[in-house]
Amino acid sequence: MRFDVGGNAVYAYTGTRPFDAKRSTVLFVHGAANDHGVFALQSRYFAWHGVNAVALDLPGHGRSAGEAPASVEALADWLHDVVDALGVREVSLVGHSLGALAALECAARHPGQIARLALLGPSAPMPVSADLLAAAAANDHVAYELINGWSFAPASQLSGGNRLPGVWMLGNAMRLMERTPDGVLATDLAACNAYANGVEAAKHVSCPTLVVLGARDVMAPMRNAKALIDALADVRTVTLPDTGHSMMAERPDEVLDALRSFLGS
Amino acid sequence: MERAGHVYSRLSNPTCAVLEERIAALEGGIGAIATASGQAALHLAIVTLMSAGSHIVASRSLYGGSHNLLDYTLPRFGIETTFVDPRDLDAWVRAITPKTRLLFGETLGNPGLEVLDVPRVADLAHAHGLPLLVDSTFTTPWLMQPFEHGADLVVHSATKFLSGHGTVIGGLLVDSGKFDWNADGVREKFPTLTEPYAGFHDMVFAEESSTAAFLLRARREGVRDFGACMAPMTAFHILQGIETLPVRMARHVENARAIAGFLREHPFVSDVGYPELPTHPDNALASRLLPRGAGAVFSFNLRGTREQGRRFIEALRLFSHLANVGDAKSLVIHPASTTHFRMSDDDLRRAGITEGTIRLSIGLEDRADLVDDLSRALAAASK
C-alpha cells in the first residue's frame with residue numbers, strides 16, 4: 065500500500081491483503097539499509113490472520129520517498145505520523161535493530177498510540193565502530209561486507225541452512241543493502257551511534273514489551289540490551305540460540321512464534 | 024504461505040536447497056533453483072519472465088539443444104527469438120523490439136568458443152530495461168562469475184563440469200538479485216513479477232522481495248507447474264562434484280592448453296578455435312574476462328574430407344565418442360552430425376561449424392597420453 069506522510073510517498077507491504085482500519089494493526093519497522101522485505105515471512109503470517117500487517121519502507125529506503133531520517137528521535141516521530149496517516153487509534157510496533165530503537169522511542173513519546181512493543185535485536189546504547197562509520201560515510205562496499213559478516217551466526221553462514229528454500233541468506237542480505245542509495249547506510253548508522261536515550265525511553269514505556277535477542281548477535285550483543293530490559297516495566301524476553309542479528313531470516317519460525325505469542329494472533 | 028520451509032519435493036528439498044545455496048554463493052548471487060537438466064533451467068528462466076507475444080534476442084552460437092528450444096519449439100508457444108552474431112554489439116541492439124524481454128548468450132559459444140562480451144552486452148541490455156541471461160556451463164564460477172560482469176541470471180548444465188563425471192543430469196538457474204524488476208520503464212514488461220498472481224494468493228513477487236522476486240515466481244509457479252525439478256540424489260552427486268571443482272578445472276584448463284598447442288602445430292589441422300591462442304578473434308577479450316583460462320572444450324578443423332573426419336574419430340582410443348562435455352574423461356564429437364544435427368547448412372555456417380569441425384572436451388587424463396592418442400588418430404586419418 066502507499067500513503068503520504070509529510071508530503072512524501074510511503075510504501076508498505078501488507079502481505080497482499082487490503083488494509084482495513086477496523087482491524088488491529090501491526091507496524092513492522094526495519095533496520096539500517098534494509099526494507100520491508102526483511103519482515104516478509106513474519107508480516108505475511110499476520111496479514112493472513114486478521115491483522116493489518118504493515119511492513120514499512122522507511123523514508124529514503126526501498127520504495128519510500130524522502131530523506132532517511134537523521135536520528136532515532138526523528139524516526140520515532142515519523143512513526144507517530146504514520147499511525148495518524150493510517151487513520152487508526154493505536155498500533156503495535158515490531159522493530160528490528162535501528163527500527164527497534166525507533167519503535168522504543170516512539171512508544172515512550174506517544175504512549176497512547178502504542179498497544180504493544182516488540183524489539184528485535186535492540187541495544188542501548190547501540191555504538192557503531194569508527195571504522196564502520198567511516199566506511200559507510202565513504203559509501204565503501206566494505207561497510208556492507210562488515211555488517212553482513214557480523215549479522216549472521218556462524219551456523220547461518222554455512223550454505224544450506226536457510227528456511228526459505230534456495231535463497232542464500234548472506235547473498236540476499238548483501239544485495240538488499242547494495243540497493244540502498246549512497247549515504248543512507250551512513251545516516252542510519254550515525255543515528256544508531258548517536259542515540260543515547262534508550263534506557264531512559266524504556267522507563268517511559270507503559271505498554272507490554274517483548275525483547276527478542278540472538279544469542280550469537282555480534283552487531284547488537286545481548287549484554288548491551290540488559291539495561292534496556294531492566295528499565296522496561298512490563299517485559300518478556302526471548303533468547304534465540306545460535307542466532308545472530310539477522311534473526312528474521314535466520315530463525316523465521318521462532319521469531320514468528322515469539323511475535324504470535326506476544327501479539328496474540 | 025504461512026511459514027517458510029519444504030512442503031513437497033517437487034517444489035523444494037533440503038538436499039537440493041544446499042546445492043542451490045552453494046551455487047548461489049559460488050556465483051555471488053542470492054539464490055538458485057535446481058532443475059532436471061540445463062534445458063529445464065533455460066526453459067524455467069524464459070517462462071518465468073515472459074508469455075506468448077514476447078521476444079528474445081540470443082546469440083546464434085548456442086548449444087544445439089538451446090537453439091532447438093528457441094528456434095523451433097518456443098515459437099509454437101508464441102515466443103520468438105532473433106539470433107545475432109554475439110560479437111556484433113550493434114546487432115544485439117538492432118534486434119531489440121518493444122516485445123523483447125530477455126537477452127541470452129553463452130559465456131563461451133558452442134562450439135566455436137566465441138567469448139561473450141558480458142559487460143558490454145549487459146550494459147546494452149540494461150540500457151533497454153532488459154535482463155541478460157548467460158549460460159555459463161563451459162566456464163563454471165571457477166573461470167568466470169558472470170554477475171561480476173553485469174549478467175543478471177545464469178544457467179548451468181550441472182551435468183558438465185559442476186558434477187564433473189558425466190554421471191547425472193541436472194541444471195541450475197541462479198539469480199543475481201541485481202535486476203530491478205520494479206524500476207520505471209521496466210515493471211510493465213514483467214507483469215509476472217510486478218502484478219498480482221492469482222495462482223499464488225495474489226502475491227506480487229516484486230513486492231514480496233525487492234531482491235528475490237524472480238526466484239520466488241520461478242519456484243512458486245515454474246517448478247510447481249512445469250515440474251522439472253532435480254532429484255535429491257542428483258543434487259548430492261553435483262554437490263560432491265563441486266567439492267573438487269577448483270582442482271578439476273585447473274587440470275582441465277592445463278590439459279586443454281597443451282592439446283590446443285599440439286593441434287595448432289599439426290600439419291593435418293587447419294585451425295584451432297581456442298580463445299587463448301593469438302589466432303582466435305576473442306583472444307584479448309578472453310584474457311580480460313577469463314584470466315584463469317578459456318575452458319576445456321574447443322573445436323578444430325581437419326584439412327580433409329568428411330570421411331577423413333570419421334576415420335579420425337574412429338581411430339581415437341582414449342577419447343570417448345560422446346555428445347557430452349565437461350567429463351573427467353576426454354570426449355570427442357562431430358557437431359554437424361550430432362549436437363547440431365537439426366541446424367540448417369546456413370545456420371551451421373553462421374555458428375562457425377563445418378563438416379570438418381571436430382569438438383573436443385579435454386578431461387583429466389595424463390596429457391602426454393592424450394597427445395599420443397590424437398597424434399596417432401591424425402596420422403591414421405591423414406593417410
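Chains as they are written, first to last, in our numbering: chain A, 65 to 329; chain B, 24 to 406. By construction, the Cβ of each residue, glycine as well, lies at the ideal position given by its N, Cα and C atoms.
Taking only beta-carbon atoms, is residue i less than 8 Å away from chain A?
i: Val177 of chain B; result: no
i: Ser32 of chain B; result: no
i: Ser186 of chain B; result: no
i: Asp225 of chain B; result: yes
i: Arg26 of chain B; result: yes
i: Leu286 of chain B; result: no
i: Thr234 of chain B; result: yes
i: Val209 of chain B; result: no
So, is the C-beta of residue i closer than 8 Å to a C-beta in chain B?
i: Asn236 of chain A; result: yes
i: Gly230 of chain A; result: yes
i: Trp214 of chain A; result: no
i: Ala104 of chain A; result: yes
i: Pro316 of chain A; result: yes
i: Tyr77 of chain A; result: yes
i: Trp142 of chain A; result: no
i: Ser223 of chain A; result: yes
i: Gly101 of chain A; result: yes
i: Tyr109 of chain A; result: yes
i: Arg243 of chain A; result: yes
i: Arg324 of chain A; result: no
i: Arg360 of chain A; result: For chain A, the structure presents residues 65 to 329; residue 360 of chain A sits outside this window and is missing.
i: Arg227 of chain A; result: yes
Give me the Cα-Cα distance between residue i and residue j, rounded to the nearest whole angstrom.
i: Asp145 of chain A; j: Gly70 of chain A; result: 8 Å
i: His309 of chain A; j: Gly95 of chain A; result: 10 Å
i: Ala188 of chain A; j: Lys290 of chain A; result: 8 Å
i: Thr328 of chain B; j: Ile356 of chain B; result: 16 Å
i: Ser343 of chain B; j: Gly224 of chain A; result: 36 Å
i: Val319 of chain A; j: Val276 of chain A; result: 8 Å
i: Glu242 of chain A; j: Phe326 of chain A; result: 33 Å
i: Arg300 of chain A; j: Phe161 of chain B; result: 55 Å
i: Gly173 of chain B; j: Leu147 of chain B; result: 10 Å
i: Asn98 of chain A; j: Thr215 of chain B; result: 24 Å
i: Gly134 of chain A; j: Leu136 of chain B; result: As written in the sequence, residue 134 of chain A is Ala, which differs from the Gly given in the question. Looking at the two C-alpha atoms, the distance is approximately 53 Å.
i: Gly236 of chain B; j: Phe228 of chain B; result: With the sequence shown as reference, residue 236 of chain B is identified as Ala, and Gly is not the correct amino acid for it. Taking the straight line joining both Cα atoms gives about 5 Å.
i: Ala199 of chain A; j: Ser193 of chain A; result: 10 Å
i: Val302 of chain A; j: Arg271 of chain B; result: 47 Å
i: Gly151 of chain A; j: Val90 of chain A; result: 13 Å
i: Glu94 of chain B; j: Glu218 of chain B; result: Residue identity differs from the one stated: residue 94 of chain B is Asp in this sequence, not Glu. Near 29 Å, if we compare the C-alpha coordinates of Glu218 of chain B and Asp94 of chain B.
i: Val409 of chain B; j: Leu185 of chain B; result: In this structure chain B extends from 24 to 406, so residue 409 of chain B is not present and cannot be described.
i: Ile261 of chain B; j: Val41 of chain B; result: 11 Å
i: Leu210 of chain A; j: Leu196 of chain A; result: 7 Å
i: Leu122 of chain A; j: Leu162 of chain A; result: 11 Å
i: Ala63 of chain B; j: Ser74 of chain B; result: 17 Å
i: Arg382 of chain B; j: Glu171 of chain B; result: 29 Å
Between the options, which has its C-alpha nearest residue i's C-alpha?
i: Gln168 of chain B; options: B:Glu277, B:Pro255, B:Pro301, B:Arg311; result: B:Arg311
i: Ile102 of chain B; options: B:Thr120, B:Trp115, B:Tyr86; result: B:Thr120
i: Gly235 of chain A; options: A:Asp317, A:Asp246, A:Ala260, A:Ser220; result: A:Ser220
i: Ile282 of chain B; options: B:Val270, B:Pro269, B:Glu299, B:Thr267; result: B:Glu299
i: Ala251 of chain B; options: B:Leu239, B:Ala273, B:Gly193; result: B:Gly193
i: Gly88 of chain B; options: B:Gly375, B:Ala391, B:Asp395, B:Met366; result: B:Met366
i: Leu354 of chain B; options: B:His188, B:Arg26, B:Thr267; result: B:His188
i: Arg110 of chain B; options: B:Asn306, B:Phe184, B:Asp203; result: B:Asn306
i: Ala206 of chain B; options: B:Ala258, B:Val157, B:His151, B:Asp369; result: B:His151
i: Ser301 of chain B; options: B:Pro290, B:Arg280, B:Phe291; result: One point to set straight first is that residue 301 of chain B is Pro, not Ser, in the sequence displayed. The shortest C-alpha separation from Pro301 of chain B is found at B:Arg280.
i: Ala201 of chain A; options: A:Arg315, A:Pro285, A:Ala254; result: A:Ala254
How many whole angstroms separate the CB atoms of residue i and residue j, which I take to be in contact at a CB cut-off of 8 Å?
i: Leu139 of chain A; j: Cys271 of chain A; result: Not really, about 18 Å apart at Cβ, beyond 8 Å.
i: Gly126 of chain A; j: Ala132 of chain A; result: The pair is not a contact, with the Cβ atoms about 11 Å apart (cut-off 8 Å).
i: Gly61 of chain B; j: Thr182 of chain B; result: 6 Å
i: Arg227 of chain A; j: Asp317 of chain A; result: 7 Å
i: Arg66 of chain A; j: Tyr75 of chain A; result: 6 Å
i: Leu196 of chain B; j: Leu155 of chain B; result: At roughly 14 Å, the Cβ-Cβ gap does not stay under 8 Å, so Leu196 of chain B and Leu155 of chain B are not in contact.
i: Val231 of chain A; j: Gly28 of chain B; result: That pair is no contact at about 12 Å.
i: Asp198 of chain B; j: Leu153 of chain B; result: No, Asp198 of chain B and Leu153 of chain B are not in contact; Cβ-Cβ is about 15 Å, not under 8 Å.
Does residue i get closer than 8 Å to chain C when you measure Cβ to Cβ?
i: Arg66 of chain A; result: Chain labels in this structure do not include chain C; the protein chains are A and B.
Check your understanding: In the stretch 245-318 of chain B, which residue ranges form an unbroken alpha helix (DSSP H) of at least 4 residues, counting only runs that do not cross its ends?
Key -> Runs found: 255-266, 268-288, 306-312.
inquiry  = Please give me, in chain order, every unbroken run of the alpha helix (DSSP H) with length at least 4 that falls completely inside the stretch 73-113 of chain A.
reply    = With a minimum length of 4 residues, the continuous alpha helix (DSSP H) runs that stay inside the stretch 73-113 of chain A are 104-111.
- Item | Entirely enclosed alpha helix (DSSP H) segments - the stretch 329-357 of chain B, minimum 4 residues | For the stretch 329-357 of chain B, whole alpha helix (DSSP H) runs of length 4 or above, ordered along the chain, are 329-338.
- request: Write down every uninterrupted run of the beta strand (DSSP E) in the stretch 169-231 of chain B whose length is 3 residues or greater and which is fully enclosed by it, in chain order.
  value: Within the stretch 169-231 of chain B, the runs of beta strand (DSSP E) at least 3 residues long that lie entirely inside it are, in chain order, 176-180, 194-198.
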